Amino acid sequence: MGRRLLAIMNTTAARLSALYLILFSISAVFLVFYMTSLSVRMLTAQTQETINEEVQGLAAAYQRGGLPLLVRTIERRARQPGANLYLIADPNGRILSGNVESLEPGVLDIEGWTEKPFSYQRFGESGAERGAAGQAQRAGETEMRHAALALVLRLPNQMIILVGRDLGEPERFRAVVRRALMVAFGMMGVGALLIWYFVGRRALKRIDSVSEASQRIMDGDLAGRLPVSGAGDEFDRLSESLNAMLTRIASLNEGLRQVSDNIAHDLKTPLTRLRNRAEAALAGAKDPAEYREALEGTIAESDQLIRTFNAILMISRLEAGYSTEALSKVDLAELVRDVVELYEPAAEEVGVILEAETTGPETVDGNRELIAQALSNIVDNSIKYSAGAAEPRVRVRLAREAAGLRLSVDDNGPGIPDAADRQRATERFVRLEKSRSQPGSGLGLSLAKAVMRFHGGRLDLDARDPGLSVAMVFPDAKESG
Amino acid sequence: MLANAGGNGETAYKTSMKILVIEDDREAADYLSKAFAEAGHTAHLATDGETGFAMAEAGDYDVMVVDRMLPRRDGLSVIAGLRARGNATPVLILSALGEVDDRVTGLRAGGDDYLTKPYAFSELLARVEVLNRRGGTREVETVYRAGDLELDRLSHTVKRAGREIVLQPREFRLLEYLMRHAGQVVTRTMLLENVWDYHFDPQTNVIDVHVSRLRSKIEKGFDSPLLHTIRGAGYMLKAG
Chain A
58 MGRRLLAIMN TTAARLSALY LILFSISAVF LVFYMTSLSV RMLTAQTQET INEEVQGLAA
118 AYQRGGLPLL VRTIERRARQ PGANLYLIAD PNGRILSGNV ESLEPGVLDI EGWTEKPFSY
178 QRFGESGAER GAAGQAQRAG ETEMRHAALA LVLRLPNQMI ILVGRDLGEP ERFRAVVRRA
238 LMVAFGMMGV GALLIWYFVG RRALKRIDSV SEASQRIMDG DLAGRLPVSG AGDEFDRLSE
298 SLNAMLTRIA SLNEGLRQVS DNIAHDLKTP LTRLRNRAEA ALAGAKDPAE YREALEGTIA
358 ESDQLIRTFN AILMISRLEA GYSTEALSKV DLAELVRDVV ELYEPAAEEV GVILEAETTG
418 PETVDGNREL IAQALSNIVD NSIKYSAGAA EPRVRVRLAR EAAGLRLSVD DNGPGIPDAA
478 DRQRATERFV RLEKSRSQPG SGLGLSLAKA VMRFHGGRLD LDARDPGLSV AMVFPDAKES
538 G
Chain B
15 MLANAGGNGE TAYKTSMKIL VIEDDREAAD YLSKAFAEAG HTAHLATDGE TGFAMAEAGD
75 YDVMVVDRML PRRDGLSVIA GLRARGNATP VLILSALGEV DDRVTGLRAG GDDYLTKPYA
135 FSELLARVEV LNRRGGTREV ETVYRAGDLE LDRLSHTVKR AGREIVLQPR EFRLLEYLMR
195 HAGQVVTRTM LLENVWDYHF DPQTNVIDVH VSRLRSKIEK GFDSPLLHTI RGAGYMLKAG
């Protein structure tokens, strides 16, 4: 529990609420002190006013009847219930009359308003406790003393008159305010602690679940994702972006895994063949011509390996986001004519009619080399696979359609009748069973697909009857200049 | 392969070259040096950029083969430095990188040709021999001749033994390139790069078919062959 509480205190929410609590407390204390001191000052002023009125009354009596009337007036007033404080003393400070039995020494020495509240004892108050033990009496004596504010006057015959008022009322007020303040503080503190605990605990819980999920993912559950509560708050947003990142990492990782698997599989086969060929030559070759043939065979085999390797690297680089610096305006019509012209003799050699169908110049933002390589891979494939068909024909067609430019290569070969197979054909290294016997790295269509993805387009494979249509679909070039 | 590629030294066009190889992989460098020697050339080695730069400044080389990634000073900086000092020795850049824009940056830095690792030595040799500045005087000629074959670059006509041969535009450019480098081996990728202006690997035998079409046009009805296939390397146009 202690550690858990400590953990909560360490959360941002708890820290913030603690900070707010402190700031609020400081301003509350300031406010309360300001208000109490203000009200006390007001009450004091009121007291002084009352005393002044009292003194004016006494002065009138003195003028009318001299000292005797003054003393009588004071004694009458002093006997009234809840009366102010009245005192008459001789010039030496000995109390002669009034309702004050004793007061702090020195109060009567200074004429005018007492500077500070002073303590006094009212006449007759201590009488109730007279019988008690001396110790208790002395303790009681201090307790029975009150604070008061008074005006000290000296008559022409050097008699001292004190008129004062008990400060019990403002003192009580101050005490009430202070108590209220304490209670308010206490409640505020408890409230803050509660809020602190619940908000902090909630935040902590969410963070804990995210940490746990991350730990699980790190421990190998790569399909795992961070929890999303559905509240749409900042925790959810954070989890969602982290999840998106995890998905991206997973797809990259999957790509990497596939590449290494395929490298292991598809490079091992030719490497083994290469090794066997060299071994067989070493064991069985008799004359230089045979050695030569074996060596040439191994070189051809290595060249094929290098080719495969280059294709893998290129696909990886394209998928990793090839630099877009190499983009320029490419005229697809011209590119189609180039590639068809390049492949036409080779097609004719195997009895395939290769023809281009283009219109005027159609430019896209792209990389000429990459597009040409992708197109030549597709054309190469189409020629290869349609070569055995009756009246084989490969047509490269460039047409504008709603979504952009469609560069399709149609053949009338055996095609790929099964839709799932067509889907698979663009995956790395996939050579559909029927085509296993054909030469090639199995990367031609994958490379074309990667090139199209790089250009923001797509590669479509559609069935024809008979044959296959492979289309490179380019998005419309951004209008510029 | 080495014997094959280097075994054509009997042609009159061929001269022995002094080659500077700047390559930090010791084994690859030794192999190159040996292979160049077998092909009749002299190769000097430098294994880092600074040394290579100093050697290129001091020695009078016909061609340089420079690896892109070198210790102490990278290949492109070496080339740019040499070019800045007015050294115009042809340079072939070797690189493990190989995408289109790598090639462009390489050539922009002052390289004359670019070859991606791994490469066949026959390809490297063919390219280096074509780069040789002492063999590169044919650029200015308006009429190329090889035996009784004649190609006029201005009138775009080809004649053999006085008889005109009609060629398609691309065939003309193909023959033009082969004749410019008559007596030198040109590889299929060199043809694709220089005649078609594409740098990718054409996979199948597309270039071979173009060459054999051209061959039948310039050789049909004549006794002596002109366009020779060099096994494991490429082609060579050579009279007699």
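Note that the protein sequences, when read in sequence, are chains A and B.
Here the first sequence is numbered in the numbering used here, starting from 58 and rising by one per residue.
Here the second sequence is numbered in the numbering used here, starting from 15 and rising by one per residue.
The C-beta atom is built at its ideal place from N, Cα and C for all residues, glycine as well.
Small disclaimer: the values here were computed from a predicted structure and weren't measured.
Counting only runs that start and end within the region 275 to 322 of chain A, where is the alpha helix (DSSP H) found for 4 or more residues in a row?
291 to 319
Within this structure, are the beta carbons of Arg82 of chain B and Leu106 of chain B separated by less than 7 Å?
no
His224 of chain B, buried or exposed, once every other Cβ within 10 Å from all chains shown has been counted against 16
buried
Which residues, in order along the region 219 to 252 of chain B, keep a beta-carbon less than 9 Å from a beta-carbon of chain A?
Asn219, Val220, Ile221, Asp222, Val223, His224, Ser226, Arg227, Arg245 and Gly246
For Pro418 of chain A, the nearest candidate out of A:Glu391, A:Pro449 and A:Asp318 (CA to CA):
A:Glu391
C-alpha gap between Tyr191 of chain B and Val209 of chain B, whole angstroms:
7 Å
Any idea what DSSP makes of Ala520 of chain A, helix, strand or coil?
strand
Could you pull out every unbroken alpha helix (DSSP H) segment of at least 4 residues lying fully inside the region 421 to 452 of chain A, listed in chain order?
425 to 443
Using DSSP's beta-bridge definition, name the partner residues of Pro532 of chain A.
A:Gly461
Unbroken alpha helix (DSSP H) runs of length 4 or more, entirely within the region 166 to 204 of chain B: which are they?
183 to 194
Beta-carbon contacts of Glu269 of chain A that lie in its chain and below 7 Å, excluding the five residues immediately before and after
none
Consult DSSP for Phe214 of chain B and reduce its assignment to one of helix, strand or coil.
coil
Do you know how far the Cα of Ser176 of chain A is from the Cα of Gly123 of chain A?
30 Å
Using 8 Å as the cut-off, can you tell me whether the region 457 to 469 of chain A makes contact with the region 512 to 531 of chain A, which would need three or more C-beta pairs spanning the two stretches below that distance?
yes
At least 3 beta-carbon pairs within less than 8 Å: the region 167 to 174 of chain A vs the region 232 to 245 of chain A
no
Have a look at the DSSP bridge pairing and note the partners of Asp38 of chain B.
BP columns for Asp38 of chain B are empty, so no partner.
Go ahead and label Thr104 of chain A buried or exposed: buried means 16 or more other beta carbons lie within 10 angstroms of its beta carbon, across all protein chains shown.
buried
Under 8 Å Cβ to Cβ from Asn146 of chain B, same chain only, skipping five residues before and after it: list those, please.
Thr29, Met31, Asp76, Val77 and Pro104
What three-state label does DSSP hand Gly235 of chain B in the structure shown?
coil
Test: Glu426 of chain A CB closer than 7 Å to a CB of chain B
yes
Counting only Cβ pairs nearer than 8 Å, list the residues of chain B close to Asp360 of chain A.
Ala134
Any residues in the region 197 to 214 of chain B with a beta carbon nearer than 9 Å to a beta carbon of chain A? Which ones, in chain order?
Leu206, Trp210, Asp211, Tyr212, His213 and Phe214
Got a sec: is the Cβ-Cβ distance from Arg608 of chain A to anything in chain B below 7 Å?
Limits of chain A in this structure are 58 at one end and 538 at the other, which puts residue 608 of chain A out of reach.
Nonlocal neighbours in the same chain, by C-beta distance under 7 Å from Asp533 of chain A, ignoring five residues either side
Gly461
Taking C-beta pairs closer than 9 Å, name the residues in chain A that Arg184 of chain B reaches, listed in chain order.
Glu398 and Leu399
With a threshold of 7 Å between beta-carbons, can Pro402 of chain A be considered close to chain B, or not?
yes
Can you tell me whether Ser266 of chain A is helix, strand or coil according to DSSP?
helix
Spatial neighbours of Arg72 of chain A within its chain, please: C-beta separation below 7 Å, excluding the five flanking residues on both sides.
none
Please report how far the alpha carbon of Gly197 of chain A lies from the alpha carbon of His203 of chain A, in whole angstroms.
Because Gly197 of chain A carries a pLDDT of 42, less than 50, the predicted location of this residue cannot be relied on, and the following value inherits that uncertainty. For Gly197 of chain A and His203 of chain A, the distance between alpha carbons rounds to 12 Å.
Identify the residues that DSSP records as bridge partners of Val387 of chain A: which are they?
A:Val421
Should Gly257 of chain A go down as buried or exposed, given a rule of 16 or more other Cβ atoms within 10 Å for buried?
buried
Residues in its own chain within less than 7 Å of Val128 of chain A by CB, not counting five upstream and five downstream?
Ile145 and Ser154
Which term fits Asp147 of chain A, buried or exposed, when burial requires 16 or more other beta carbons within 10 angstroms of its beta carbon?
exposed
Which residues share a DSSP beta bridge with Tyr177 of chain A?
A:Leu160 and A:His203
On the DSSP bridge assignment, give the partners of Thr56 of chain B in chain order.
B:Lys32
DSSP three-state label for Ala31 of chain A, please.
Given a span of 58 to 538 for chain A in the structure shown, any question on residue 31 of chain A remains unanswerable.
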